[in-house]
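A.B. asks: Residue numbers (our numbering), protein chains in the order written: chain A, 3 to 757; chain B, 16 to 346.
Glycine is no exception: its CB is placed at the ideal position from the N, C-alpha and C atoms.
Quick one: this structure, given as structure tokens, is what I'll be asking you about.
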Amino acid sequence: MPVNRFPTRGPALPTLPLVALAAAAVEPVLSDPTRPPWSGLVLAAVFLAVARPVRSRLQTRSPLSGRAVLAILLLVALAPPILAVAARLGTGSGNLLDVVLIESLRNLALTLAILGRNDQLDRTAALASLFLVLVAAARAEGPWLLASLAGYAILGCVWLAQASSRSVHDNRPPLVSIATAAAVVIAVITLALIGPGRAVVALAGFLPSSGGINDSDPSATHGVNDGDREVAATHNPQSIGFSESDLFLDSDRPTLYDAFNDMYGEPRRIKSQDRMIAVAANRVVELDRPPAENLRAGRDFSTIRGGPPRHARRPQDRPADALIYHEGPTPAHLPLVAYDHFDGHDWSEAPTPPRSTFLERERPDQPWFRLLHSSRSYLVPQARHRVKIARLSSPSLPLPAHIDRFRLGSVNLPSFFCWAHEGILRLADRPIPAGNTTEADAHLPRPDALRALPWPKAPPRGPSTLHPDVAALSRAWVAETPHGWPRVERLITCLREHAIHDPAATAPPDSTDVVADFLLRDRRGPDYLFATAAVLLLRDLGFHARLVSGLYVHPDRRDPAAGHTPVTTDGVHVWAEIRLPDGTWTPIEPTPGYHLAAPPRPWLLALADALAQILAEAIRHAPALGLVSALGVLLVRRRHALLDALATLLWHLNARLRPTELPWLTLALLDRRLRWAGCPRPAGVTPRCWLERLANTPPLQPARSTLRAWLALTECLLYGPIGPSPTSPAPLCARVVRAASLPRLRAAASPEIPS
Amino acid sequence: MTRLVESAAEHPNTRSRFSVDPAVIDPVRDALNAALRGKADVIELVLAAVLARGHLLIEDLPGLGKTTLAKALARSLGGSFARIQCTPDLLPGDVTGFRVFDQNTREFTFLPGPVFADVLLADEINRATPRTQSALLEAMAERQVTIDTQTHVLSDTFFVIATQNPVDQHGTYPLPEAQLDRFAMKLRIGYPGRSSERAMLEAATRDPNPHQTASSTPALTPGHLRALQDHVASIPVGPAVLDYLLDLAHATRSHRQVLLGLSPRGLLTWQRLAQARAFLQGRGFVTPDDVQDVAIPTLEVRLGIEPDAAPRVLDEILHSVPVPVRPTAPP
């Protein structure tokens, strides 16, 4: 018995609630993790309330045409990727590709369900909702997800039963099937809730698991092989996430210098300069105690290095993971070590400040400390940064600059902390154990406030070591800029535009002036050369500056599902800091591709800035833009003529290649011309009917006999039983192509001419 | 006896090399146009139904020329004409005929009813009871009647023109779908144009008894008509047009507002009507234009559509199926 594929009778399909429930289930995957998990169900309820009357109206009163449906579907499907691209271009951040694709799929499902033009759209919407639920089951978790899945299972059974009923033209709703399916689902849920524990475990085996295919899969969220999340921090401090842990690991106290060597390569030592010279006894100073740890050998940062090591292509261990996990606004600069003295090749760490009372506990029952410093009016609150230590082994707290309160795990004694360098906190006598979380409330400087600060000129620190050409270059950059923050901004901007960031580039091994080679000869290099150049140029211009190494939290590395950003060894970064007039150090970013965190701005101001930037760019490239615009306008206005020329050229080619198919190729060409002329022939109208109507108009009067002869010939060849024409149809077709030109068809189709 | 002529079309392929001259139907056309002024398009469809061996249902208001058209057609075709005025007390025997006892021969003899005519006008057919209507059903579908186990074959050119009144439905018996499907098409004549009505009035003053003075010379003989009908049935239908017809039939069955899709018998009738239309256009093959020209009256009579929605639905169906504009390979 033939089955009608698109039956139109029978009980209505519950497509809308089915799709709404699927969208609610997948909402936690798409939205901000801080949003409550039940918000998806609320949105689904609102969607149902709005979509139901719209669907009803579309089905009964004003059904959309197929083209309108296609246009709407394309619009809703393309909106998320377009918005994501726009957001990335405008703000530098945006959703990842998988999130964008899921949003597109969700939009498609919801729109298909609303349109509900026929059963085919309904079925496609249901299929899309199934994919959404699979995504939700794989990526979301929690009791609300289970509730959504159970609801979807029941509704899905109802949907399938009613679809089956419609296919056999049964007008009665399949109540028995629906009741049976609902009873089974409810029984399973009830058994899981109140049944014995073993039953729950057995049932859990039937639930979809995102366990992945390896022993441990980072994308797994629960179930078998659920990766690092399975292991809570109380068992393994290496696990990710922000769970607290008091476990400390034994450590051989490696330093961040190991990460530097991985990132930039080993420093090259200039052997010819190693020479020991005895000094007179009266010039020898006996130390009564060993030097500070950070002033021992091997604790300096060389700018002459061998480049990143080439790793052998072989499978790596899975545990190669992040140094830290950062939660908070990105980008973020987390300084760990500051360098003060530069001898032409190597930077030496800045000395550790003497211990002093610089912080106090906020409340006795909480491990929060407040830094004691004067109020700084040029700062605005930013947000809270939370950093969980993973593989990083450093005593310095990876926290951004300008913090006013912080905590580290449950450490509640101020004596545990001291300054590593000015503005960089550290644990007094040990690296921060892995698994601990530190957090702080950070501030950001307002550029306008920095410009308003009084900037006294710093006295020179001895004779300038800058190459004269380098000094001239920097002075040329800032020649017309007043001293102070504008000069700093100008210098950094010029430096970012002057050279190219190339992580693989290295300074020449025999370089005697790294900065001169970098700025005058190579004009490309890694971030530490940019930072070195920035510090030295700033010092030459009378500012206090220093080199800082630490971690850079890249906005593109954010894991939206987990809500934090893992920072691996790729995040090791070197930048510069400048001392503000009140003695506070603030980061500046001289390396292209890296950005400082911008203070939060109202979106209206951000939009105005973006528009102003676009306008400025447009004015700057006005001639090219004008030319391109004029060409674009010309192309748009003459697009039909150009397309017609192309189609006619193709027709002439086909006339040589496929002469037997010429009549219907001519018909296809005329159909295209009719479409471009604004009177497209509907698919259900015959060519004779449409062309005869046009042939009676004055513009086509001269071509009427030709058109009729060609129509008769084409109809005969298309529909007649007789074989190929004894005479070649090419001359007649060519006459029609010339006679029924696009301008004539356009004139014939103009509304002034009565049909 | 048909007249074979050599085609004289503009292009050697536009007609079959030898065909029945379409001009042979012109006298019938002229006679009908003279009887029913200003309705050339309706008359073309009537001729198509005759040539396709289909029956005709005319639904219109009283006084628009239904009976006049039927009588003129009967006269033109040259066969016998009979008329039934359908009423609720009309019996099946009144339609088909019955056996009577002959006192002279002492035997039952068969008295043929009106269905044995060549052209039968069943006026106001929806006023007959369903029993009588179904008696007509066998005659229309199988061109035979069975009375007392004896089957009597009807005329080869048997043709029914039934009329019904769309208003004043009180006391009527609407034709069931099974019987509607026996009609080839349903036509509406409609009011004539102003000029046609003026000509009609003027003619009435010149000739007070037009029915008596009308030419009684038939334009065709039944043999001629049968040959024409056979020729129409042999007009070829190309694969592209066949596929187009099949797609249209599928569209009628899948449209959500059509309760009863096109039956295979209806599809056959549609094809035959399109062939007749092609013949009337002087063409030796069927084009999608022919299919569309006869689509509305053919589908309207047999698709289950709400009367108010019929024009829109039929328009949707015809526009939903693309016209073939490339040749289709035969299966």
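Give every residue of the same chain whose Cβ lies closer than 7 angstroms to the Cβ of B:ARG59, excluding the five residues on either side of it in the sequence, and list them in chain order.
C.D. replies: Checking the sequence, you will find Glu at residue 59 of chain B rather than Arg. Beyond the five residues adjoining it in sequence on each side, B:GLU59 comes within less than 7 angstroms, by CB distance, of LEU295 in the same chain, given in chain order.
A.B. asks: Using a Cβ-Cβ cutoff of less than 7 angstroms, which residues in the same chain neighbour A:GLY309 once the five nearest sequence positions on both sides are dropped?
C.D. replies: GLY267, ALA506, THR508
A.B. asks: Less than 7 angstroms separating the beta-carbons of A:ALA392 and A:THR570?
C.D. replies: no
A.B. asks: Just grab the DSSP bridge partners of A:ASP561 for me.
C.D. replies: A:HIS566
A.B. asks: To the nearest whole angstrom, what separates the beta carbons of B:THR302 and A:GLU619, a pair I think is in contact under 8 angstroms?
C.D. replies: Contact doesn't hold; Cβ gap of about 60 angstroms is too wide.
A.B. asks: Hey, how far is the Cα of A:HIS335 from the Cα of A:PRO82?
C.D. replies: Roughly 30 angstroms separates the two Cα atoms.
A.B. asks: Thinking C-beta only, is A:PRO592 closer than 7 angstroms to A:ARG518?
C.D. replies: In the sequence as presented, Arg is not what sits at residue 518 of chain A; that position holds Ala. Taking C-beta atoms as the reference points, A:ALA518 and A:PRO592 fail to come closer than 7 angstroms.
A.B. asks: Strictly under 7 angstroms for the Cβ-Cβ distance: is A:GLU694 near chain D by that measure?
C.D. replies: Of the protein chains in this structure, namely A and B, none is chain D.
A.B. asks: May I ask which residues mark the beginning and end of the alpha helix (DSSP H) holding A:ALA533?
C.D. replies: 529-542
A.B. asks: What residues of chain A sit near B:GLY253, judged by a beta carbon separation below 9 angstroms?
C.D. replies: Residues of chain A passing the Cβ test: LEU720, TYR721, GLY722, PRO723.
A.B. asks: Using CA coordinates, which residue listed in A:PHE49, A:SER33, A:ALA14 is at the minimum distance from A:VAL1?
C.D. replies: Residue 1 of chain A falls outside the range modelled here, since chain A spans only 3 to 757, and no answer is possible.
A.B. asks: Based on the DSSP secondary-structure assignment, which residues constitute the bridge partners of B:GLU74?
C.D. replies: B:GLN179
A.B. asks: Is A:ALA685 close to chain B, meaning its C-beta is less than 7 angstroms from at least one C-beta of that chain?
C.D. replies: yes
A.B. asks: Would you decide whether B:VAL35 is buried or exposed? Buried here means 16 or more other CB atoms lie within 10 Å of its CB.
C.D. replies: B:VAL35 comes out buried.
A.B. asks: Taking all protein chains shown into account, decide if A:TRP577 is buried (16 or more other Cβ within 10 angstroms of its Cβ) or exposed.
C.D. replies: buried
A.B. asks: Under three-state DSSP, which class holds B:HIS265?
C.D. replies: helix
A.B. asks: Quick one: is the Cβ of A:PRO55 within less than 6 angstroms of any heavy atom of the ligand SAH?
C.D. replies: Summarising the ligand content, the structure contains no ligands, and the ligand SAH is consequently not present.
A.B. asks: For chain A, find out if any of its Cβ atoms is closer than 7 angstroms to the Cβ of B:ASP304; answer yes or no.
C.D. replies: yes
A.B. asks: Select from the stretch 58-80 of chain A all residues with a C-beta closer than 9 angstroms to any C-beta belonging to chain B, and list them in chain order.
C.D. replies: Of all residues in the stretch 58-80 of chain A, none has a Cβ within less than 9 angstroms of some Cβ in chain B.
A.B. asks: Assuming B:SER91 and B:VAL43 form a contact by the criterion Cβ under 8 angstroms, report the distance between their Cβ atoms to the nearest whole angstrom.
C.D. replies: 4 angstroms
A.B. asks: Does A:THR668 pass the burial test, meaning 16 or more other C-beta atoms within 10 Å, or should it be called exposed?
C.D. replies: buried
A.B. asks: Would a C-beta distance cut-off of 7 angstroms place B:LEU126 and B:PHE116 closer than the cut-off?
C.D. replies: At a Cβ-Cβ threshold of 7 angstroms, B:LEU126 and B:PHE116 do not count as neighbours.
A.B. asks: Taking Cβ-Cβ distances below 8 angstroms as the criterion, which residues of the stretch 325-341 of chain B are in contact with chain A?
C.D. replies: LEU333, HIS334, SER335, VAL336, PRO337, VAL338, PRO339, VAL340, ARG341
A.B. asks: Can we say the stretch 309-319 of chain B touches the stretch 199-207 of chain B, given the rule of at least three CB pairs closer than 8 angstroms?
C.D. replies: yes
A.B. asks: Can you tell which of A:THR439, A:GLU351, A:VAL555, A:ARG378 has the C-alpha that lies nearest to the C-alpha of A:THR588?
C.D. replies: Ranking A:THR439, A:GLU351, A:VAL555, A:ARG378 by Cα distance to A:THR588 puts A:ARG378 first.
A.B. asks: Tell me, please, whether the CB atom of B:VAL256 is closer than 7 angstroms to any CB atom in chain A?
C.D. replies: yes
A.B. asks: Applying the 10 Å Cβ sphere with the 16-neighbour rule, what's the burial state of B:ARG197?
C.D. replies: Buried is the call here.
A.B. asks: Going by DSSP in three states, A:THR93 sits in which element: helix, strand or coil?
C.D. replies: helix
A.B. asks: Can you tell me whether A:ALA614 is buried or exposed, with buried defined as 16 or more other CB within 10 angstroms of its CB?
C.D. replies: exposed
A.B. asks: Can you give, in chain order, each stretch of the alpha helix (DSSP H) that sits fully within the stretch 709-744 of chain A and has at least 4 residues?
C.D. replies: 732-741
A.B. asks: Bridge partners of A:ALA547, per DSSP?
C.D. replies: A:ILE580
A.B. asks: Can you list, in chain order, the residues of the stretch 114-128 of chain B whose Cβ is nearer than 8 angstroms to any Cβ on chain A?
C.D. replies: Here the close residues number zero.
A.B. asks: By alpha-carbon positions, which one of A:SER743, A:ALA127, A:ARG706, A:GLY722 ends up nearest to A:ARG675?
C.D. replies: A:SER743
A.B. asks: Can you tell me the Cα-Cα spacing of A:ALA451 and A:LEU401, whole angstroms?
C.D. replies: 23 angstroms
A.B. asks: When DSSP labels each residue in this structure, what does B:GLN100 get in the three-state scheme?
C.D. replies: Looking at B:GLN100 - three-state DSSP - the assignment turns out to be strand.
A.B. asks: Which residues of the stretch 634-666 of chain A have a Cβ closer than 7 angstroms to any Cβ of chain B? Give them in chain order.
C.D. replies: Of all residues in the stretch 634-666 of chain A, TRP666 have a Cβ within less than 7 angstroms of some Cβ in chain B.
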